[in-house]
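For the sequence shown, my numbering assigns the number 1301 to the last residue and increments by one with no breaks. Taking it in order: structure first as structure tokens, then the write-up.
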Amino acid sequence: MAAVEGQVGEWFSREIFSPESNTAKEMETIKPFVDYEQFGAVGDGVTDDIAAICAAHDYANAHRLPVKTKPDATYYIGPKAMTAVIQTDVDWNTSHFTIDDTAAEDNKAFCFHVKSALRPFKLNMTSLGRDQKQVGFTLDSRCYVVVTNTKVKKFIRRGLNQNNGFDQTDCFVVHEDGSIVSPIDWDYDDITDAEARPIDKDELTVRGGIFTTMANRGESKYDYYHRGIRITRSNTTIDGITHYVAGEIGHGSPYGGFIHATHCAYVTVQNCFVSGHKIYTTIGSAGEPVMMGSYDLLADNIVDYKLINCTMNNITDRTRWGVICSNFCKNILVENCTLSRLDAHMGVSGTYTIKDSTMGWQGVNAIGRGQLTFERVVLYGRSLVQFRNDYGSTWEGDVTIRDCTWIPDNGAVYTPELFTMKNDGTHDFGYACFMPQRVKLINLHVDDSHMPEEEDGFYLFSDPSENWWARDAVYTESGTPPYPYVPCQKVVCRNLTTASGKQPRICRNPAPFAQTELVVE
781 MAAVEGQVGE
791 WFSREIFSPE
801 SNTAKEMETI
811 KPFVDYEQFG
821 AVGDGVTDDI
831 AAICAAHDYA
841 NAHRLPVKTK
851 PDATYYIGPK
861 AMTAVIQTDV
871 DWNTSHFTID
881 DTAAEDNKAF
891 CFHVKSALRP
901 FKLNMTSLGR
911 DQKQVGFTLD
921 SRCYVVVTNT
931 KVKKFIRRGL
941 NQNNGFDQTD
951 CFVVHEDGSI
961 VSPIDWDYDD
971 ITDAEARPID
981 KDELTVRGGI
991 FTTMANRGES
1001 KYDYYHRGIR
1011 ITRSNTTIDG
1021 ITHYVAGEIG
1031 HGSPYGGFIH
1041 ATHCAYVTVQ
1051 NCFVSGHKIY
1061 TTIGSAGEPV
1071 MMGSYDLLAD
1081 NIVDYKLINC
1091 TMNNITDRTR
1101 WGVICSNFCK
1111 NILVENCTLS
1121 RLDAHMGVSG
1131 TYTIKDSTMG
1141 WQGVNAIGRG
1151 QLTFERVVLY
1161 GRSLVQFRND
1171 YGSTWEGDVT
1181 IRDCTWIPDN
1191 GAVYTPELFT
1201 MKNDGTHDFG
1211 YACFMPQRVK
1221 LINLHVDDSH
1231 MPEEEDGFYL
1241 FSDPSENWWA
1251 RDAVYTESGT
1261 PPYPYVPCQK
1271 VVCRNLTTAS
1281 GKQPRICRNP
1291 APFAQTELVV
1301 E
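Now the structure itself:
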């Protein structure tokens, strides 16, 4: 158990952490919660309070007490590489926190870690099949499970940030009877690692707090900062946090999510205000300049991630990167949010639902499989959905757009393409790639009033066969690409209206859609 460093820490170690301590007994019998000042925090915005914050949470965890802060305090968190472990409810109410990243000792050290007290354990699993519904054994409790096959690579990225792919992996929830409740994406002839993490039965809530990150002064390269809140505990809700970014200069390293949830299930982020980060440029793995993604929200390997009533300012400010990224997730719900971008980076499967929301300049990016649904959404992106071309523009499933409005590129003058995708069939991404198989566009309004007058209408799809990877394209002798892009089966347009009054066309190049059924009602 960590104690506060230095003389103050020695006092609290002796007086509070001792089971016989009168102070400890008084805290348990008189005060039903722990506050930071009891462990030496000053809250003046100048004194570094991170050691006291860590000690307070250690005590609260040991005695199963909630933590509550003083509403008018400002807690300064300096450069020390210390992490406060959160295992009980927290109420930061209107307290302010200043996180100083200008000279951090370790930019990977989270300031807070919401962590389960339940221990993970290894599973004896040797194989697994796509969409398998049972693991074939029972568990003592419901668990989040992650399996890996290091012998197979998926998501072999193409383009300016090209790479050699990632280990084949799946995360899912298993009930006590062995039933699997979230889809398995791949076939596993071999499993090199399988870990189960018991899911806490009680919900843990972290509420309130106004955080300001003093931006780092690092080199503009891929050296992500993680000095925020890490979540690895299933059944966790983050409620009402406000996060600002201040002091950005002409260079800096990107951020990997102020609220970063990873390897757990049932995480809800609600009623939060988040901030876009300034865009910095570096040299990518292909030797060319690239803009670095920098995020305020990040979800990795999460089952059932909910983003509800979250907002940000300036969603069409092109100097700020899109606010949220996700990787390897199952079932994402975004509801009543106003954000600059949603990006299912390395896939989402199951359901991906966006409703009653507004999306800004970078729009919605996605790859994966399952059901992608938009309901009552206003979008300002250059496309309504960009299926990420660096991962094959694959969506193996259906897309439904209902009661939505799209203002292409916030009113820029060009001919819009509703779905953008690029896959010339010459790259092995580690999986077969699909256009969305069945598309429904119901009560969609497209404000194409800025489209050039000579155009006969906007396009439903960009040209997927356009060979914009020409410098490394290699076709077979027959002319058929070695990794074909499976075409769309059917598009239904029902009450699709446009500002120009012109009807949409399917694609600049109709050849890839020769077998696609188009129904206009």
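Even for Gly, the Cβ is constructed at its ideal location relative to N, Cα and C. All figures in this text were calculated on a predicted structure; none of them were measured in a lab.
Query raised in the report: Which runs of the alpha helix (DSSP H) spanning at least 4 residues fall entirely within the segment 1110–1189, listed in chain order?
Result: none
Query raised in the report: Mind checking G820: buried by the 16 CB within 10 Å criterion, or exposed?
Result: buried
Query - Three-pair Cβ contact test at 8 Å for the segment 1203–1223 versus the segment 1268–1277 - result: yes
Query raised in the report: Rounded to whole angstroms, how far is the Cβ of R1013 from the Cβ of L984, which I believe are closer than 8 Å?
Result: 6 Å
Query - Same chain only: Cβ atoms within 7 Å of N1116, ignoring 5 sequence neighbours per side - result: I1088, N1089, D1136, S1137
Query raised in the report: Out of F1154, D1097, E1176, which has the shortest C-alpha to C-alpha gap to S1129?
Result: E1176
Report task. Within its chain, find whatever has a CB closer than 6 Å to the CB of T1180; leave out the 5 residues flanking it on each side and keep chain order. Result -> T1153, K1220
Query raised in the report: How big is the Cα-Cα spacing for D1227 and I960?
Result: 43 Å
Query raised in the report: For Q818, which three-state DSSP category applies?
Result: helix
Report task. For the beta strand (DSSP E) holding N929, just list the boundary residues, first then last. Result -> 923–934
Query - Three CB pairs or more closer than 8 Å across the segment 994–1010 and the segment 958–978 - result: no
Requested in this report: Taking all protein chains shown into account, decide if V826 is buried (16 or more other Cβ within 10 angstroms of its Cβ) or exposed.
Outcome: exposed
Query raised in the report: In terms of residue numbering, what span does the alpha helix (DSSP H) encompassing I960 cover?
Result: First-last for I960: undefined, no H or E at that position.
Query raised in the report: With DSSP run on the structure shown, which of helix, strand or coil describes C834?
Result: helix
Report task. Could you tell me whether the segment 976–983 touches the segment 995–1002, using the rule of 3 or more Cβ pairs below 8 Å? Result -> no
Query raised in the report: Quick one: is A1045 buried, meaning 16 or more other Cβ sit within 10 Å of its Cβ, or exposed?
Result: buried
Query raised in the report: What do you reckon, are the CB atoms on E1133 and L1119 nearer than 8 Å?
Result: Reading off the sequence, residue 1133 comes out as Thr, not Glu. Not a contact, by the Cβ cut-off of 8 Å.
Query - Cβ-Cβ separation, T1131 to N1111 (assumed contact under 8 Å), whole Å - result: 5 Å
Query raised in the report: Taking just the CA atoms, how far does S907 sit from D1189?
Result: 46 Å
Query raised in the report: Taking all protein chains shown into account, do 16 or more other C-beta atoms lie within 10 angstroms of the C-beta of K931, making it buried, or fewer, making it exposed?
Result: exposed
Query raised in the report: Going straight from the alpha carbon of K895 to that of I1011, what length do you get?
Result: 6 Å
Requested in this report: For E1301, collect the residues of the same chain with a Cβ closer than 6 Å to its Cβ; drop the 5 residues on either side in sequence, then sort them by chain order.
Outcome: R1274
Report task. Note down the Cα distance separating D1080 from E1233, rounded to an integer number of angstroms. Result -> 44 Å
Query - Residue environment, P1292, which counts as buried when at least 16 other CB atoms sit within 10 Å - result: buried
Report task. Measuring alpha carbon to alpha carbon, tell me which of V915, F935, W1101 ends up nearest G1210. Result -> F935
**Report entry** For N1081, three-class secondary structure by DSSP
**Finding:** strand
Query raised in the report: C951 lies in the beta strand (DSSP E); which residues open and close that run?
Result: 946–954
Query raised in the report: Does DSSP classify T1256 as helix, strand or coil?
Result: In this predicted model, T1256 has a pLDDT of only 49, less than 50, meaning its place in the structure is not dependable; the value taken from the coordinates is given anyway. T1256 falls in the coil class under three-state DSSP.
**Report entry** Limits of the unbroken beta strand (DSSP E) element including L1240
**Finding:** 1239–1241
Query raised in the report: Pick from Q1217, Y1171, G1191, G909: whose alpha carbon is nearest that of Y1263?
Result: Y1171
Query - V1049 and I1082 closer than 8 Å at C-beta - result: no
**Report entry** Contact under 8 Å by Cβ, D1204 with S1245
**Finding:** yes
Query raised in the report: At which residue ranges does the segment 883–909 contain complete beta strand (DSSP E) runs of 3 or more residues, listed in the order of the chain?
Result: 892–894
Report task. Return the chain-ordered ranges of every beta strand (DSSP E) run that is complete within the segment 822–871 and spans a minimum of 3 residues. Result -> 824–828, 854–857, 864–866
Query raised in the report: Excluding the five sequence neighbours on either side, which residues of its own chain have a C-beta within less than 7 Å of the C-beta of E790, listed in chain order?
Result: Residue placement at E790 is poorly supported in this model, since its pLDDT is 30, which falls under 50; the coordinates still yield a value, given next. Excluding residues within five positions, none has a Cβ falling inside 7 Å.
Query raised in the report: With 16 other CB atoms within 10 Å as the buried threshold, where does T918 fall?
Result: exposed
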